[in-house]
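Residue numbers for the sequence shown follow my numbering, beginning at 15 and rising by one. By construction, the Cβ of each residue, glycine as well, lies at the ideal position given by its N, Cα and C atoms.
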Amino acid sequence: MASKEFTYQDVAEHNTKKDLYVVIHDEVYDCTKFVDEHPGGEEVLLDVAGQDSTEAFEDVGHSDEARETLAALKVGSLKRQAGDPKPKASLPGAVTPAAQGGGGAGVGLYAVVAIGGLIAYAAYQYLQQQQAAQNA
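Okay, structure coming up:
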């Protein structure tokens, strides 16, 4: 079966519960029949109806089963044109830093705590020397 090509304008026209298309990784999916079955509720799909929902789809961390269900809903691919918005997530299955559970603080937080500790230690030593000088 030849894959149909859709423009963003074509997809944008399918933005209701009874006619709902989304774009994920430049592929177009007809989610109309799946709206009532979506485990996250219909509101989630309606929020991204007629739009590129790649980032929303990947941020949730969908299961392999969800990806198989999505594949069955594919109706074509997106034909990019000048002026179309750029995709926000570049790779299918890409794991965002937030999805890895790191929270984003990582080494930076440890550096701030270590520097703060050094400053506190230096201030303590300085105050001890000042107090010793006054008592002498």
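Backbone secondary structure at residue i - three-state DSSP
i      : result
Asp-44 : strand
Gly-90 : strand
Thr-30 : strand
Asp-98 : coil
Val-36 : strand
Met-15 : At Met-15 the pLDDT is 49, less than 50, meaning the model places this residue with poor confidence; the figure from the coordinates comes in the next sentence. Note: Met-15 maps to coil in three-state DSSP.
Gln-65 : coil
Distance, residue j Cα to residue i Cα
i       : j       : result
Asp-40  : Leu-60  : 19 angstroms
Phe-20  : Leu-92  : 5 angstroms
Gly-97  : Ile-129 : 46 angstroms
Ala-70  : Gln-142 : 55 angstroms
Tyr-140 : Tyr-124 : 24 angstroms
Ala-152 : Ala-136 : Examination of residue 152 is not possible in this model, given that the chain is present from 15 through 150 alone.
Ala-146 : Val-127 : 28 angstroms
Arg-81  : Val-62  : 17 angstroms
Reference residue i; option with closest CA among the options
i      : options                           : result
Asp-66 : Val-42, Gly-120 and Tyr-138       : Val-42
Thr-68 : Arg-94, Val-58, Lys-47 and Val-36 : Val-36
His-28 : Thr-46, Gln-143 and Ser-17        : Thr-46
Lys-31 : Tyr-22, Pro-53 and Val-58         : Val-58
Tyr-22 : Lys-100, Glu-56 and Asp-73        : Lys-100
Anticipated Cβ contact below 8 angstroms, residue i with residue j, distance rounded
i       : j      : result
Leu-87  : Asp-44 : 6 angstroms
Gly-90  : Lys-18 : 4 angstroms
Ile-133 : Leu-84 : Contact flag wrong, Cβ pair sits at about 52 angstroms.
Beta strand (DSSP E) segment containing residue i, residue limits
i      : result
Glu-19 : 18 to 20
Alpha helix (DSSP H) segment containing residue i, residue limits
i       : result
Gln-143 : 120 to 149
Glu-72  : 68 to 74
Glu-56  : 56 to 61
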